[in-house]
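One point on numbering: in numbering that gives the first Met the number 0, the residue at position 165 of the first sequence is 164, and numbering is uninterrupted.
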Amino acid sequence: MKSADNIPERDFFITEDVVGLSRRLLGMKLISASEKGRCVGIITETEAYLGETDRASHAYGGRRTARTEVMYREGGVAYVYLCYGIHSLLNVVAGPGNKPYAILIRGLYLLQGLDVMAEKLQRKKEIDVLKDGIGPGKLTKAMGIDLSHNGIELFRPGRLWLEETGLTFNGGMVKIGPRVGVEYAGEDALLPYRFLVDNKTAAIEIKKAGLV
DNA sequence: AACAAGATTAACT
DNA sequence: GTTAATCTTGTTA
0 MKSADNIPER
10 DFFITEDVVG
20 LSRRLLGMKL
30 ISASEKGRCV
40 GIITETEAYL
50 GETDRASHAY
60 GGRRTARTEV
70 MYREGGVAYV
80 YLCYGIHSLL
90 NVVAGPGNKP
100 YAILIRGLYL
110 LQGLDVMAEK
120 LQRKKEIDVL
130 KDGIGPGKLT
140 KAMGIDLSHN
150 GIELFRPGRL
160 WLEETGLTFN
170 GGMVKIGPRV
180 GVEYAGEDAL
190 LPYRFLVDNK
200 TAAIEIKKAG
210 LV
């Protein structure tokens, strides 16, 4: 169908409203392209990380190292890092630059490239679109995203990018709560920066929107 | 130079 | 419910 028309402007990511942007990422397409083929997922779970003032952020207190450097760029690039030595976690960098805002992608509804994903996940049978896109480490594996994707610009086609779908989840479908796995962050661990749409609900809406 | 911890997951008991 | 897998990073426990 369309090509560049559906890709958000860079301005979309250059905002101070990281929490709002996290909410708006729900329903957008995440697309990865490789020699194996193209993989597409609809974003169904995100978490906002508010940079220097957020105890849960890697850039808390203004920490600026080789790893966190990409977070200080203008919004719209990918921040991928290795967690527990095993999992590559994908974030969308946000903000006007010099502010290390990031949004962790925690869940997708897997839409296209299921055969490629099955291979990446080392499964013998078909993958489960309702489950295999859930979890920040699992979805990157399915989509073939690793540390080499760090810094990629997500507002134009390449190896990894985002596209608008026109799909929006209404308020009742989006669960909001505290972030996962950040108990060490004290009071910041309680902040309602996590946005989640149940994949079963997402599947219904995605069909309604004619994206299947 | 060495080490403890981590925005996790799958496979156990 | 518990634990192993696995390795980069930031700190020096």
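The beta-carbon is built from N, C-alpha and C at its ideal position, and this holds for glycine as well.
key: Length-filtered (3 minimum) beta strand (DSSP E) runs lying within the region 96-172   = 100-111, 159-162
query = Can you give the Cα-Cα distance for residue 139 and residue 104, rounded to whole angstroms?
reply = 9 angstroms
key: Rounded distance between the beta-carbons of residue 95 and residue 67, thought under 8 angstroms   = Contact doesn't hold; Cβ gap of about 17 angstroms is too wide.
request  = State whether the region 25-38 contacts the region 150-170, with contact taken as three or more CB pairs (one from each stretch) at a distance under 8 angstroms.
outcome  = yes
message = Check whether the region 112-127 and the region 57-71 are in contact - that is, three or more C-beta pairs closer than 8 angstroms.
response = no
query = Leaving out the 5 sequence neighbours to the left and right, which residues in its chain are closer than 7 angstroms to residue 54 when beta-carbon positions are compared?
reply = 184, 185, 187
request  = Below 6 angstroms CB to CB, which residues in the same chain sit around residue 5 once its five sequence neighbours on both sides are set aside?
outcome  = 162, 163
message = Quick check on residue 205: does DSSP put it in helix, strand or coil?
response = helix
ask   = Taking one C-beta from the region 45-60 and one from the region 10-22 each time, how about it: are there three or more such pairs within less than 8 angstroms?
value = yes
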